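Student: 13 is the number of the first residue of the first sequence in this note's numbering; add one for each residue after it.
Glycine included, C-beta positions come from ideal geometry on N, C-alpha and C.
Being a predicted model, the structure only gives us computed values, none of them experimental.
Right, I'll just put the structure down here and ask away after.
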Amino acid sequence: MLVYNTLTRKKEEFKPINPPNVTMYVCGPTVYDYFHIGNARSFIMADIIRRHLIFKEYNVTFVMNLTDIDDKIINKSIEEKIDSSKVSQKYVASFFEDIEKLKIKKADVYPKATEHMDEIISLIKNLEEKKLAYNSDGNLFFRVKEFKNYGLLSGKNTDDLELGSRVEVNEQKENPLDFSLWKKAKAGEPYWDSPWGKGRPGWHTECSAMSVKHLGKTIDIHAGGNDLIFPHHENEIAQSEGCFESKFVNYWMHFGFLNFQDEKMSKSLGNFFTARDILKKYSAEAIRLFFCQTHYSGPLAFSEELIASSEKGLEKISNFVEFINSKSSYGESEGVECSFDFDFFLSRFVTAMDDDFNTPQAVAAIFNFIKSANKYAVENPKLNSDFFVKAGEFIQKTAGDVLGIADFKQTNKIDQTLSHDLVNLLIEIRQKAKVEKNYSLADEIRDKLNSFGISLKDSKEGTTFKIS
RNA sequence: GGCGACGUGGCCAAGUGGCUAAGGCGAAGGUCUGCAAAACCUUUAUUCAUCGGUUCGAAUCCGAUCGUCGCCUCCA
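So, in structure tokens, the structure goes:
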């Protein structure tokens, strides 16, 4: 398996520290608002990477942090005149609702910053003892100049950064590049007690502290959006490696942005759609397929038309699932032996995913499979059920388990409900009407069913239906 | 100013030195059907922003030009 590593700017052979175990940490949301569809891209692609590692029989421990204390949360609590913990609770709850709707597997742990104050404080204390951090009137800062590898991940050198005009000027800092580890509480702000007085952790500190606590000093994969490379991940490396004196992360993975109208979708620009709003119009599977059709690392332009076209593409998969479903349960056990080469298509899919999670190629492998399997079934009308069972397994493994854009098992269950028997009964009655050339009755049955969202489809082998 | 990504058919998007340049949407034709809808099948880039260069051979490597975007401040 090859994985592109931001740190080395190359694709590298993936070698976990402790195979078959893999430790994976993904930067989660700051819970001050609903997350937008651009955030969803990162969460979904991280989910797919994890699912593929599981498919490859790795034992993955997946951690996603929830930043539940920070300036934006405090601002929101002031705006809405409620306690900051109420703000974070509300958006933690909505976060879980949304990721469930997006068919994202739950992480093994969702550590919260506010529940790891001891770990955060001891990390900062350690840095202070090593002179990598200094206290400036109750605020703790990291001394960037003392950390040799600073800038390695983002490809920046400290001299260039100093020349940049955008570096924040803060009288309390020895150097404008130094970043905040602990913020002294202002009047009215939430606070935790520390050796330096009342305050709260800086943004970066929590990830270092929680990653080591739940996954260990050195982890296999740390992932997040492109915009986290600098300064967030750069600062995490400085803190963690400064504190523990061992390598923090072996593979750094970063997701490209979702753009809208030629600009990065972001809260601050206001050009965003929340994931929950998009979910009102489009299925989770269509959203996931839309993201899979572009490689995770590149930019992706968002528009409703594009999601709509993915929704259409998805129909090709769900039609195929329905087709094999209708055959696998009733299929003949004594038909023609199948000679279809399932392994060829499965290996194309796996090869694509093994090459730095190339989901566009993996999706192409699925569509190629469907096209060939359809053709094969047309050319070999008396196939035994073996073919359809294997086709179902193929879809379940690839589109189901790994990409999360189809669920063969679930559809299969629905097939066996009473409502299906009832619809089939109506189809039988309609068939009799058709034989008697009573087309007005036949059409009436079809139209009525259609008005309930059940569309009938006549073909040579009989009538099938689809519930929308 | 520093660093980085990108420019492939009507739209989206893989491919990064050599078989016929994946796949999806759209479009056109066909099969099926009492009609219809759906489904399925077939077709749809001698060409990869432009101009040079390297090479037996380049969308793929090198250089220049044009254009787009991102990071350097909170951001997935």
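#1: What's the C-alpha gap between ASN247 and ASP83?
#2: Answer with buried or exposed for ALA199, where buried requires no fewer than 16 other C-beta atoms within 10 angstroms of its C-beta.
#3: Do GLU131 and ALA250 have their beta-carbon atoms positioned less than 8 Å apart in this structure?
#4: Compute the beta-carbon to beta-carbon distance between PHE267 and PHE314, rounded to the nearest angstrom, for a pair I have assumed lies under 8 Å.
#5: If we call anything under 8 Å between Cβ atoms a contact, is LEU312 one with ARG53?
#6: Assess, as a yes-or-no matter, whether the stretch 230-240 is touched by the stretch 255-266 under the definition of 3 or more beta carbon pairs within less than 8 Å.
#7: For the stretch 28-93, which segments carrying the alpha helix (DSSP H) assignment without a break, of at least 4 residues, lie completely within its bounds, in sequence order?
#8: With a threshold of 6 Å on Cβ separation, who are the neighbours of SER309 within its own chain once the five nearest residues in sequence on each side are excluded?
#9: Tell me which residue opens and which closes the beta strand (DSSP E) that MET265 is part of.
#10: Distance, Cα to Cα, LYS446 vs ALA454?
#11: Would you mind sorting PRO32 into buried or exposed? The rule is 16 or more other CB atoms within 10 Å of its CB.
#12: Could you give the DSSP three-state label for HIS128: helix, strand or coil?
#13: On a Cα-Cα basis, can you pick out the residue from PHE191, TYR122, LYS460, VAL261 that is closest to ARG155?
#14: Taking MET365 as the reference, give the member of ASP413, ALA389, SER397 with the closest Cα.
#15: Roughly how far, in whole angstroms, is the beta-carbon of LYS168 from the beta-carbon of PHE242, given that I think they are within contact range, below 8 Å?
#16: Determine the direct distance from the alpha carbon of VAL435 to that of MET76, and round the result to whole angstroms.
#17: Please name the residue in GLY254, GLN373, GLU349, CYS350 whose C-alpha comes closest to that of SER359.
#18: Would a C-beta distance cut-off of 8 Å place PHE47 and PHE108 closer than the cut-off?
#19: Taking LYS394 as the reference, which of CYS350, ASP355, LYS88, ASP433 has the closest Cα?
#20: Specify, as a first and last residue, the run of the alpha helix (DSSP H) that ASP361 falls within.
#21: Could you tell me the distance, in whole angstroms, from the CA atom of GLU218 to the CA atom of ASP205?
#22: Return the CA-CA distance between SER97 and VAL43, expressed in angstroms with no decimal places.
#23: Taking 6 Å as the limit between beta carbons, can you name the residues of its chain near TYR16, skipping five residues before and five after?
#24: Distance check for ILE49 and ASN386, CA to CA, integer angstroms please.
#25: Measure the beta-carbon distance from LEU415 to ILE60 and round it to whole angstroms, keeping in mind my assumption that it falls under 8 Å.
#26: Between the C-alpha atoms of LEU281 and ASN331, what's the straight-line distance to the nearest angstrom?
#27: Starting from VAL348, trace the alpha helix (DSSP H) both ways and give me its first and last residue.
#28: To which residues does DSSP link TYR16 through a beta bridge?
#29: Does the distance from the CB of LEU193 to the CB of GLY214 come in under 8 Å?
#30: May I have a chain-ordered list of the beta strand (DSSP E) segments no shorter than 3 residues that lie completely inside the stretch 234-321?
#31: Report the residue ranges of all alpha helix (DSSP H) runs contained in full by the stretch 394-463; include only those spanning at least 4 residues, in chain order.
#32: Among the candidates LEU165, GLU201, HIS128, ALA145, whose CA atom is the shortest distance from the CA of LYS225?
#33: Can you name, in chain order, every residue of its own chain whose Cβ lies under 8 Å from the Cβ of PHE522, other than the five neighbours on each side?
Tutor: Judging by the given coordinates:
#1: 18 Å
#2: Answer is exposed; the Cβ neighbour count stays below 16.
#3: no
#4: 14 Å between Cβ atoms; not a contact.
#5: yes
#6: yes
#7: 49-67, 83-91
#8: GLY268
#9: 261-267
#10: 6 Å
#11: exposed
#12: coil
#13: PHE191
#14: ASP413
#15: 6 Å
#16: 45 Å
#17: SER359 has its Cα closest to that of GLN373, out of GLY254, GLN373, GLU349, CYS350.
#18: no
#19: CYS350
#20: The question names Asp, yet the displayed sequence has Phe at residue 361. It spans 354-366 - the alpha helix (DSSP H) in which PHE361 sits, taken as one unbroken run.
#21: 16 Å
#22: Linking SER97 to VAL43 through their CA atoms gives a straight-line distance of about 10 Å.
#23: LYS23, ASP368
#24: 34 Å
#25: 6 Å
#26: Straight-line measurement puts the Cα of ASN331 at about 40 Å from the Cα of LEU281.
#27: No alpha helix (DSSP H) contains VAL348, which DSSP labels as neither H nor E.
#28: LYS23
#29: yes
#30: 261-267, 270-272
#31: The qualifying runs are 397-407, 420-427, 430-447, 451-463.
#32: Considering only LEU165, GLU201, HIS128, ALA145, the residue with the shortest C-alpha distance to LYS225 is HIS128.
#33: Residue 522 lies beyond the residue range present for the chain, which begins at 13 and ends at 480; the question has no answer from this structure.
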